[in-house]
Structure formats: structure tokens, C-alpha cells
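Colleague: Residue numbers (the working numbering): 3 to 648.
Sharing a structure below in C-alpha cells format, with a few things to ask.
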Ligand code: C2E
Ligand code: MG
Ligand code: MG
């Protein structure tokens with residue numbers, strides 16, 4: 003196609019390339035510039051002759067143009083059909099409404115949202131049924147005023163479908179203007195009821211504990227922060243009470259998860275009730291609840307609420323055919339004294355809760371700065387313990403177990419000691435908790451096991467009487483993966499016959515994760531290792547496990563033996579344990595025997611194996627060979643009490 007430069011526009015250099023007549027015209031113009039005007043008719047004639055000559059070309063061009071139109075029209079029809087199909091078959095609803103929100107057109111997906119099979123069916127219903135439309139006519143004006151042209155405006159609306167079901171529809175709408183006036187609105191709409199249900203559920207999952215319906219840690223953090231911000235403005239006090247239910251895991255494992263769940267729900271309800279109206283209650287851990295008390299006046303009010311919480315939580319629970327009491331501890335921190343933000347207050351309350359355990363179960367403490375010192379002390383202790391093995395500061399002492407009938411040593415219990423560089427000799431009571439909390443009990447326990455087994459083998463190699471060596475095993479160490487392999491490896495390494503190793507387990511350990519424990523205990527027994535339950539009677543008393551876990555021995559706790567000759571209850575419990583052990587064919591040992599009265603009581607009950615200061619305090623390695631060789635024949639009553647404590 004060729005185009006001529008419009009008159010009035012300057013002709014450009016390349017115009018000549020696109021207009022075959024142009025070079026001649028340029029030449030004619032040049033002639034006109036130099037010759038007189040008489041010559042013009044000649045130029046005109048030449049021009050028309052040239053135009054005539056280009057007619058076939060022009061017709062060709064016209065033909066091309068018409069062909070182009072025809073093709074364009076065909077394409078337009080094709081494209082129209084294509085877009086109509088897309089519109090109609092689109093899985094998402096598409097619509098147009100007039101300025102008043104009345105439907106002009108819509109596709110099938112849009113009509114289906116309203117429960118109609120086709121757009122026609124929907125439009126017919128709209129014309130018949132008053133109030134039926136894509137948008138609620140009573141709300142249209144408000145909606146329309148918020149819809150712009152440039153961006154699609156998104157909003158979720160609840161609509162009622164043909165069968166009365168309420169649905170959430172997500173609309174994207176924009177206004178269409180012509181000559182400056184809004185003529186219609188168009189957009190999309192889709193049923194998002196399910197998505198909103200999932201979103202709502204996810205939101206609940208993210209912010210609420212589904213079991214108790216209480217805020218979870220995340221939401222609690224937000225709510226607590228808001229309460230603190232308010233208190234900062236009003237210069238008021240806020241108290242945080244952190245409540246931990248004792249041994250919940252054991253209850254859960256032994257009475258089943260359904261029971262555990264029900265128990266937590268009941269605890270949550272009781273906590274809300276005790277906390278009162280002006281509070282926020284949340285579940286912030288497995289069996290940990292937080293209570294925020296707003297605008298607290300004085301400490302006595304906080305203490306009264308704490309007391310009421312403890313009383314309510316520790317009252318009896320009864321469901322699923324079981325009745326039981328739970329114990330709890332509560333730590334309290336107060337804003338702004340004990341912390342300026344959530345983290346600091348949570349930390350202070352947590353410290354106070356740990357310290358309340360010193361007062362026993364069902365107790366509470368309000369945070370004090372001295373508590374912080376204590377925590378610092380245990381952190382220092384933890385740091386020291388980390389390097390204690392490498393620096394050879396740990397060592398073992400051994401306490402003989404004696405058959406009172408012969409005075410022979412029948413076993414030795416290995417007990418841990420720490421030669422602290424600054425504090426001197428430390429007994430386990432000072433550092434075992436720190437070792438357990440920090441996980442350091444695992445490497446320490448491994449060291450104890452290896453050292454005790456190696457020592458026992460050494461005594462045997464020296465020709466001393468062979469007796470089992472008892473090693474205390476922390477529940478944390480026992481539950482650690484690979485404990486069985488550790489025992490096997492240590493026995494192999496040291497060459498100690500498994501029958502000379504007795505592992506002392508705690509009662510609580512046997513109650514938790516019963517299945518796993520059952521197979522581990524069986525495997526250890528299959529290896530030939532002996533198993534004893536330490537401090538028997540002081541743990542969570544469910545005797546069923548004694549039938550399930552076939553241990554070899556029960557060690558009666560010192561707390562019963564202490565007053566056995568004067569306290570009838572202790573005497574009754576001790577007698578019962580001895581009889582039960584006999585009935586179950588287990589051997590039994592009495593711990594902490596210090597005097598003859600205790601000894602003769604035990605003798606009467608035919609409990610002959612004794613461990614206690616009466617015979618010997620725990621002693622250093624070099625003193626043991628004498629005990630092993632000559633035992634305590636002829637008794638050495640109370641001689642042990644004069645021995646130096648190690
Ligand atoms: P336990 O296993 O029940 O050990 C007996 C404790 O009672 C020892 O305290 C022992 O010195 C003390 N005792 C024995 N006879 C008498 C007595 O006649 N009168 C009095 N007043 N006390 C007596 P020790 O050595 O301080 O150990 C305390 C606890 O620390 C142990 O109780 C045990 O639970 C734990 N422990 C000790 N060594 C280890 C260890 O190597 N690993 C682990 N995990 N725990 C250990
Ligand atoms: Mg022990
Ligand atoms: Mg014990």
C-alpha cells in the first residue's frame with residue numbers, strides 16, 4: 003500500500019521511496035522554481051497521466067483492503083465466539099449489572115452460585131422474585147459508592163442461594179464509565195464458603211487451643227501485650243500467674259489420652275472460674291496455663307486469687323470411671339516491678355513457679371529478686387557441671403548393702419560426688435536437678451555407668467568377692483535413645499558380667515510411656531542385667547505396673563524406714579511393701595537404716611538386706627576392699643555414724 007504525504011506537511015527525504023510519483027513531482031517543482039508559470043499545464047497533464055497509469059495498482063490495493071476487512075470480520079466473529087465460550091464456561095462467575103445493581107448478564111458459574119442451572123433461569127427468577135438479585139438491593143447504594151473504576155474492588159458478601167443455603171461469595175467489581183457517567187458495573191464472583199471455613203479454622207488453630215478453647219501462646223502474647231500497653235498508660239499494675247499441673251504426662255500415659263484431654267478441659271474451666279471476670283486465661287503449654295489479672299490493687303488480692311486457683315485445681319476430678327486429684331504449682335510476677343514486657347514477666351513467673359516447688363505441691367510464690375539470684379546460681383552450677391567430667395571433678399563413692407544375718411556385703415550402690423573447685427564437696431542433692439534440667443545428666447550418667455562397671459570388674463580382678471554394683475539411672479537418661487546399646491557396650495568394654503550390674507530406676511519412670519518402657523526393660527532383663535525400683539513407695543502409686551514390669555528388687559524408701567519403729571503408719575506401709583515383694587517373688591532391701599530399732603523391726607518382718615549408715619556411709623573406692631573382704635560380721639552397730647561423710 004502506498005500513502006501520499008498529506009498536503010501542508012513537509013515532504014521527508016524517504017517519502018520518495020514510498021511514492022513512485024514523488025520524484026517526478028520534485029523535478030516538476032524544481033522546473034516551476036526556475037521556469038515561468040506558463041509551463042504549469044504541461045506539468046498537470048503529466049501528473050494525471052501518471053495517476054491513470056497507477057489505477058490497476060490502486061484497485062489491487064482496494065482488493066487487499068476488502069480482503070483485510072473480510073478477514074478481520076471473520077477473526078472478530080471467531081474471537082467473539084471464543085470469548086463468549088470462555089465467558090460462559092468460565093469456572094468463576096462473571097457478571098454485569100446496571101447502575102442500580104440489576105443484573106444485565108452473567109455466566110453459568112455465577113448463576114450456579116445462586117442455585118440456578120443457567121443464567122436465563124436466574125434472570126427469569128430475578129424478574130419474578132422481589133428482592134432477588136446478585137446484590138442485596140437494600141445495600142447496593144452503599145456498595146456502589148465504594149467501587150471505583152481503576153481497580154477491582156474485592157468484598158465478601160453473604161448470599162442466600164435458591165435452596166435457602168447461606169453462602170459466602172467473593173466479588174471483584176469495577177465501575178464502567180461512558181462519557182464520564184457510570185453506565186454499569188462488571189466483575190467476578192465465586193463461592194468461597196468452604197475457603198472461609200478453612201480460613202476460619204486455620205485462624206482458630208493459629209490462635210486458639212482447640213482442646214480447651216482457650217487462647218494459645220501466640221494469642222496470649224498479643225492479648226498480654228495489649229493489657230500491658232494499657233497498664234503503662236494508666237500506670238496500673240498487672241499480675242501474671244503461671245500455673246503448671248504436676249506430672250500430667252504420667253496421668254495421660256497411665257489413664258489414657260481421652261482422660262487426659264477431659265482433665266485439661268476441666269482444669270481450664272476451673273482456672274477461668276477462679277481467675278474471675280477481669281482476667282485473661284490462656285493455655286501456654288502442655289499442662290501450663292497463664293492468667294493475667296488486670297488492675298490489681300495489692301499483693302493480698304493476687305495471693306487470694308492464687309490460693310483460690312490452687313484450691314480449685316487440686317480438688318477432686320471424677321470422670322470416665324476414675325477419680326483423682328492433681329497437684330499444681332503457681333508462679334506470680336507483677337508488672338511493672340518484675341518485668342516491663344511479656345517475656346520478662348513470663349520469665350519471672352516461671353522462676354517463681356520453679357521456686358514454689360520447694361514449698362511442695364499445690365503451692366505458689368510471688369517473684370522476688372532473690373529468686374533471680376538462685377537462678378543465676380543454677381546457671382553457674384550448670385556451667386561448672388559442663389566441664390566437671392573433663393576436669394576430673396566428679397567421682398563415685400560406694401555404699402555397702404549388707405545381709406544383716408551374716409554381715410556380708412551383698413552389693414554396693416555407686417553414688418555420685420562433685421569436688422567443686424570453689425564450693426568443695428557437693429552431694430547429688432545439690433546438682434542432680436540442674437544436671438537433669440540441662441540434659442547434662444546424660445553424659446554424666448554415662449560416665450557413672452562406665453566408671454562403676456569398670457571399678458566392679460577391677461575389684462573382681464583383684465580377687466575380691468563378686469557382688470553386684472547398683473547404679474542410679476535418671477528417668478531422662480533411661481528414656482534417651484540408645485540407652486540399651488550403651489549398657490551393652492559398657493558391659494562389653496569393661497568385661498563385667500551383666501548379672502553384677504543392677505540398674506536403679508524410679509517409680510515414675512515406669513508409669514510413663516508404658517509400651518516403650520516395657521520392651522526396654524524386657525531387653526535389659528534379657529541381657530541379664532538386674533533391675534531395682536529405688537525409693538519404692540514415694541512415687542506415683544499405681545501398683546499394677548509391678549506385675550507388668552518384672553523387676554528384681556524393691557528398695558524401700560528411707561522416708562518410711564526413718565520412723566518405722568515409732569510411727570505406726572510407716573510401719574504398716576513398710577510391712578505391706580515387704581509382704582507384697584515376697585508375694586511377687588521380688589527381693590527387697592531397706593534403705594537408710596541407721597539404728598538398731600529399725601534393724602530389729604526389719605528383722606521381724608524378715609527383710610534382711612539393709613543399706614544405711616548403721617553399717618556404712620558411702621565410702622571412697624579405697625575403703626571398699628576391706629568391707630568386701632571382711633564384711634560386717636559380728637556387726638559394728640553405729641560405727642558407721644562416726645565415719646567421715648563422703
Ligand atoms: P538414692 O539412690 O536413694 O541413694 C541413697 C541416698 O541415701 C544417698 O544419698 C545415701 O548417702 C543416703 N543414705 C544412705 N543411707 C543413709 C542413712 O542411713 N541415713 C541417711 N540420712 N542417708 C542415707 P546421696 O548420695 O546424697 O544421693 C542422693 C540421691 O541422689 C540418690 O538417692 C540418688 O537418687 C541420686 N544419685 C546419687 N548418685 C546418682 C547418680 O550417679 N545418678 C543419678 N541419676 N542419681 C544419683
Ligand atoms: Mg539409689
Ligand atoms: Mg534410694
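No residue lacks a Cβ here, since even glycine has one placed at the ideal position from N, Cα and C.
The model shown is predicted, which means the values in this text are computed figures rather than measured ones.
Let's see if you can read the secondary structure: which residues bound the alpha helix (DSSP H) around residue 403?
Modeller: Counting from one through the chain shown, the residue named residue 403 turns up at place 401. From DSSP, residue 403 is part of no alpha helix (DSSP H) but of the beta strand (DSSP E) over 396-405.
Colleague: Pick out whichever of 383, 478, 354, 381 has its Cα sitting closest to the Cα of residue 370.
Modeller: By one-based count along the chain shown, residue 370 stands at place 368. With distances taken between Cα atoms, residue 370 lies closest to 354.
Colleague: With DSSP collapsed to three states, give me the class of residue 528.
Modeller: Stepping through the chain shown from its first residue, residue 528 is reached at position 526. Reduced to three states, the DSSP call for residue 528 is helix.
Colleague: Count the other CB atoms, across all protein chains shown, that sit within 10 Å of the CB of residue 12; report buried if there are 16 or more and exposed otherwise.
Modeller: Walking along the chain shown from the start, residue 12 turns up at place 10. Here the model assigns residue 12 a pLDDT of 37, short of 50, so the residue's position is not dependable, and the following value carries that caveat. Burial call: exposed.
Colleague: Quick one: what does DSSP say residue 84 is sitting in, helix, strand or coil?
Modeller: By 1-based counting over the chain shown, the position of residue 84 is 82. Residue 84: helix per DSSP, three-state reduction.
Colleague: DSSP three-state call for residue 611: helix, strand or coil?
Modeller: As a position in the chain shown, residue 611 is number 609, starting the count at 1. In this structure, residue 611 counts as strand in the three-state DSSP scheme.
Colleague: Excluding the 5 residues flanking residue 437 on each side, which residues of the same chain have their C-beta closer than 7 Å to its C-beta?
Modeller: Locating residue 437 in the chain shown gives position 435, counting from the first residue. Excluding positions up to five away in sequence, the list reads 387, 443, 446.
Colleague: Are the beta-carbon atoms belonging to residue 588 and residue 556 less than 8 Å from one another?
Modeller: Counting from 1 along the chain shown, the entry for residue 588 is found at position 586. Counting from 1 along the chain shown, the entry for residue 556 is found at position 554. The answer is yes: Cβ separation under 8 Å.
Colleague: Helix, strand or coil, according to DSSP, for residue 36 in the structure here?
Modeller: Taking the chain shown and counting its residues from 1, one reaches residue 36 at position 34. Confidence in residue 36 is poor, its pLDDT being 46 and thus under 50, which makes the residue's placement too unreliable to answer from.
Colleague: So is residue 30 buried or exposed if we call it buried at 16+ other beta carbons inside 10 Å?
Modeller: By 1-based counting over the chain shown, the position of residue 30 is 28. Model confidence at residue 30 stands at a pLDDT of 45, short of 50, so the residue's coordinates are unreliable; what they give is reported in the following sentence. Residue 30 is buried by the Cβ-count criterion.
Colleague: Which full runs of the beta strand (DSSP E) of 3+ residues lie inside the stretch 174-246, going along the chain?
Modeller: Counting only runs of 3 or more, we get 183-193.
Colleague: Regarding residue 474 and ligand 4, is the C-beta to nearest heavy atom distance less than 7 Å?
Modeller: By its list of ligands, the structure shown excludes ligand 4, since it contains just ligand 1, ligand 2 and ligand 3.
Colleague: Could you work out which residue in 361, 360, 503, 377 is closest to residue 350 when comparing CA atoms only?
Modeller: Position 348 of the chain shown, counting from 1, holds the residue named residue 350. Ranking 361, 360, 503, 377 by Cα distance to residue 350 puts 377 first.
Colleague: Tell me whether the beta-carbon of residue 224 lies closer than 8 Å to the beta-carbon of residue 98.
Modeller: Numbered from its first residue, the chain shown carries residue 224 at position 222. Numbered from its first residue, the chain shown carries residue 98 at position 96. Not closer than 8 Å, so no.
Colleague: Need the endpoints of the alpha helix (DSSP H) that residue 314 sits in, please.
Modeller: The residue given as residue 314 occupies position 312 in the chain shown. Run containing residue 314: 301-316, per the alpha helix (DSSP H) assignment.
Colleague: Tell me whether the beta-carbon of residue 564 lies closer than 8 Å to the beta-carbon of residue 591.
Modeller: Taking the chain shown and counting its residues from 1, the one referred to as residue 564 is at position 562. Taking the chain shown and counting its residues from 1, the one referred to as residue 591 is at position 589. Cβ distance not < 8 Å, so residue 564 and residue 591 don't count as in contact.
Colleague: Closer than 7 Å to a non-hydrogen atom of ligand 2 - does that hold for the CB of residue 509?
Modeller: As a working note, residue 509 is residue 507 in the chain shown. Checking every heavy atom of ligand 2 against the Cβ of residue 509, none is found closer than 7 Å.
Colleague: Assign residue 71 to one of two classes, buried (16 or more other C-beta atoms within 10 Å of its C-beta) or exposed (fewer than that).
Modeller: Here the question's residue 71 lines up with position 69 in the chain shown. Per the 10 Å Cβ criterion, exposed.
Colleague: Leaving out the 5 sequence neighbours to the left and right, which residues in its chain are closer than 6 Å to residue 452 when beta-carbon positions are compared?
Modeller: Within the chain shown, numbered from 1, the residue matching residue 452 stands at position 450. Here the set comprises 492.
Colleague: Based on the DSSP output, what are the partners of residue 285 in its beta bridges?
Modeller: Within the chain shown, residue 285 is the residue found at index 283, counting from 1. Residue 285 pairs with 291.
Colleague: Mark residue 57 as exposed unless 16 or more other C-beta atoms lie within 10 angstroms of its C-beta, in which case mark it buried.
Modeller: In the chain shown, the residue the question calls residue 57 occupies position 55. With fewer than 16 Cβ atoms within 10 Å of its Cβ, residue 57 is classed as exposed.
Colleague: Just tell me which of 433, 459, 196, 448 has its CA closest to the CA of residue 480.
Modeller: The residue labelled residue 480 in the question sits at position 478 within the chain shown. Residue 480 has its Cα closest to that of 448, out of 433, 459, 196, 448.
Colleague: Measuring CB atoms only, is the stretch 200-216 touching the stretch 108-120, in the sense that at least three cross pairs come out at less than 8 Å?
Modeller: Judged by Cβ distances under 8 Å, the stretch 200-216 makes no contact with the stretch 108-120, as fewer than three pairs qualify.
Colleague: Could you compute how far the alpha carbon of residue 570 sits from the alpha carbon of residue 578?
Modeller: Taking the first residue of the chain shown as 1, we reach residue 570 at position 568. Taking the first residue of the chain shown as 1, we reach residue 578 at position 576. Straight-line Cα distance between these residues: approximately 12 Å.
Colleague: Does the beta carbon of residue 557 fall short of 7 Å from some heavy atom of ligand 3?
Modeller: Residue numbering aside, residue 557 sits at position 555 when the chain shown is read from its first letter. Yes.
Colleague: Could you pull the start and end residues of the beta strand (DSSP E) that residue 504 belongs to?
Modeller: Locating residue 504 in the chain shown gives position 502, where the first residue counts as 1. Note, residue 504: beta strand (DSSP E), 503-507.
Colleague: Can you determine whether any heavy atom of ligand 2 sits closer than 7 Å to the C-beta of residue 415, and answer yes or no?
Modeller: Within the chain shown, numbered from 1, the residue matching residue 415 stands at position 413. The answer is yes for residue 415.
Colleague: Contact check, residue 552 vs residue 530 under 8 Å by CB: the rounded distance?
Modeller: Taking the first residue of the chain shown as position 1, residue 552 is located at position 550. Taking the first residue of the chain shown as position 1, residue 530 is located at position 528. Actually they are not in contact, since the Cβ atoms of residue 552 and residue 530 sit about 14 Å apart, beyond 8 Å.
Colleague: Taking DSSP as the reference, what is the three-state secondary structure of residue 330?
Modeller: Within the chain shown, the letter at position 328 stands for residue 330. In this structure, residue 330 counts as strand in the three-state DSSP scheme.
Colleague: Tell me residue 370's beta-bridge partners as DSSP assigns them.
Modeller: Position 368 of the chain shown, counted from the start, is the residue given in the question as residue 370. Note: residue 370 sits in no beta bridge, so no partner.
Colleague: If we call anything under 8 Å between Cβ atoms a contact, is residue 135 one with residue 104?
Modeller: Indexing the chain shown from 1 puts residue 135 at position 133. Indexing the chain shown from 1 puts residue 104 at position 102. Yes. Within cutoff.
Colleague: Closer than 7 Å: is that where the CB of residue 536 sits relative to any heavy atom of ligand 2?
Modeller: Taking the first residue of the chain shown as 1, we reach residue 536 at position 534. For ligand 2, at least one heavy atom lies less than 7 Å from the Cβ of residue 536.
Colleague: Based on Cα-Cα distance, which residue from 610, 112, 512 lies nearest to residue 255?
Modeller: Position 253 of the chain shown holds residue 255. Of the listed residues, the one whose Cα sits closest to residue 255 is 512.
Colleague: How close, in whole Å, do the beta carbons of residue 408 and residue 635 come, if the pair is a contact with beta carbons under 8 Å?
Modeller: Walking along the chain shown from the start, residue 408 turns up at place 406. Walking along the chain shown from the start, residue 635 turns up at place 633. With a Cβ gap of about 7 Å, residue 408 and residue 635 count as contacting.
Colleague: Check residue 649 in the structure and name its three-state DSSP category.
Modeller: Absent from the structure is residue 649, since the part of the chain shown begins at 3 and ends at 648.
Colleague: In angstroms, rounded to a whole number, what distance separates the CA positions of residue 302 and residue 360?
Modeller: Mapped onto the chain shown, residue 302 falls at position 300. Mapped onto the chain shown, residue 360 falls at position 358. Residue 302 and residue 360: Cα-Cα distance of roughly 21 Å.
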